[in-house]
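All residue numbers for the sequence shown refer to the working numbering, where the first residue is 3 and numbers rise by one.
Built from N, CA and C at the ideal position, the CB exists for glycine as well.
Report on one structure; see the data block that follows.
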Amino acid sequence: MSPKYSVRTVRRTAAAVVTAALLVPLAACGSDDDSDGKKEGGSGKDVKLTVLAASSLTDVFATAEKTYEKEHPGTDITVSAAGSQELAAQVKQGSPADVLVTADTKTMDGLKGETNKPDIIAKNRLVIATREGNPQKVASLKDLSDSKLKVVLADDTVPVGRYSKHVLDAQKVSVQPVSKEANVRSVLSKVELGEADAGIVYKTDAATATDKVDAVDIPDAQNAVASYPAATLKGSKNGDAAAFVKWLSTPEAQKILRDAGFQKP
């Protein structure tokens with residue numbers, strides 16, 4: 003009896019081992035399917051995206067970043083904000099990044115060899131930012147020509163600087179700025195700190211500091227429209243970069259931009 007029992011036991015054990023061996027690949031395949039499913043849903047893998055964004059997008063992209071990461075678990079977005087001309091220089095120098103969003107089409111067009119086809123995701127307008135309460139009673143672009151006023155502008159190499167020069171020249175307004183800044187946030191900061199009486203910034207930037215500055219509207223007929231193109235960088239090896247750029251045009255992302263004061267593309 004004992005030998006027969008041992009043989010049957012061995013046979014059962016061997017069968018169990020074979021069955022288990024057969025099941026392992028099946029389980030692994032099931033795991034792969036689950037992984038693919040998670041991948042399609044934007045989760046189940048670690049994704050790191052570096053986004054180079056114009057300074058005027060600093061606050062709104064902080065919100066967009068959190069929203070996108072929440073919708074796509076496992077995704078970590080790093081937003082690096084600076085003047086568009088600074089971002090262009092970084093791209094030309096080969097700085098590692100996946101997405102570029104500038105505050106004008108001119109800068110983006112100058113990088114055609116470095117980017118894929120861009121999409122316009124938003125538009126913006128200029129306003130005159132004054133110290134809180136507008137103590138100098140600035141009411142129009144022409145008021146900026148007053149030599150008693152300390153006016154700060156962005157440098158002509160910066161999108162907002164070019165827009166500012168365009169609207170001032172169109173109105174034949176001559177301004178002698180006390181300084182020319184590298185980006186729009188620096189212009190806003192000078193006014194916030196009281197180092198300048200007024201400066202030309204984007205409407206959305208003035209909206210981020212309503213407790214420190216007043217915004218004087220510039221009539222549409224005298225204003226300039228800033229367009230914001232977004233594109234993936236050809237040097238990026240991250241396939242998820244295109245998904246993020248596409249998401250920026252979705253209703254949810256557009257609502258975030260609208261709520262921040264940006265206009266429709």
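| Check | Outcome |
| --- | --- |
| Between LEU51, THR52 and SER58, which has its C-alpha nearest TYR230's C-alpha? | SER58 |
| VAL186 and LEU146 look like a contact to me (Cβ under 8 angstroms); what is the Cβ gap, rounded to whole Å? | About 16 angstroms separates the two Cβ atoms, so there is no contact after all. |
| Just to confirm my understanding: we take VAL215, look at its own chain, exclude 5 residues before and 5 after, and list those with CB closer than 8 angstroms. What are they? | ALA131, THR132, ARG133, GLU134, LEU190, VAL193, GLU194 and ALA208 |
| Taking all protein chains shown into account, do 16 or more other C-beta atoms lie within 10 angstroms of the C-beta of THR234, making it buried, or fewer, making it exposed? | buried |
| Within the stretch 39 to 87, note down every full alpha helix (DSSP H) run reaching 4 residues or more, in order along the chain. | 60 to 73 |
| For ALA156, does the three-state DSSP call read helix, strand or coil? | strand |
| Are the beta-carbon atoms of ALA56 and ALA105 separated by less than 8 angstroms? | yes |
| Return the chain-ordered list of same chain residues with a C-beta closer than 7 angstroms to the C-beta of ALA90, the five sequence neighbours on each side being excluded. | THR109, GLY112 and LEU113 |
| With a threshold of 8 angstroms on Cβ separation, who are the neighbours of HIS168 within its own chain once the five nearest residues in sequence on each side are excluded? | ALA226 |
| For the candidate residues ILE202, VAL247, GLY76 and LEU102, whose alpha-carbon lies nearest to that of VAL154? | ILE202 |
| With DSSP collapsed to three states, give me the class of GLU281. | This structure leaves residue 281 out entirely; the chain is present only between 3 and 267. |
| Would you kindly work out how many angstroms separate the C-alpha atoms of GLY115 and GLN224, rounded to a whole number? | 34 angstroms |
| When the Cα of THR117 is compared with those of VAL101, LEU170 and GLU73, which residue comes out closest? | VAL101 |
| Please tell me whether LYS125 and ALA228 are closer than 8 angstroms, where the distance is taken between their beta carbons. | yes |
| Exposed or buried, PRO98, counting other C-beta atoms within 10 Å across all chains shown (16 or more means buried)? | exposed |
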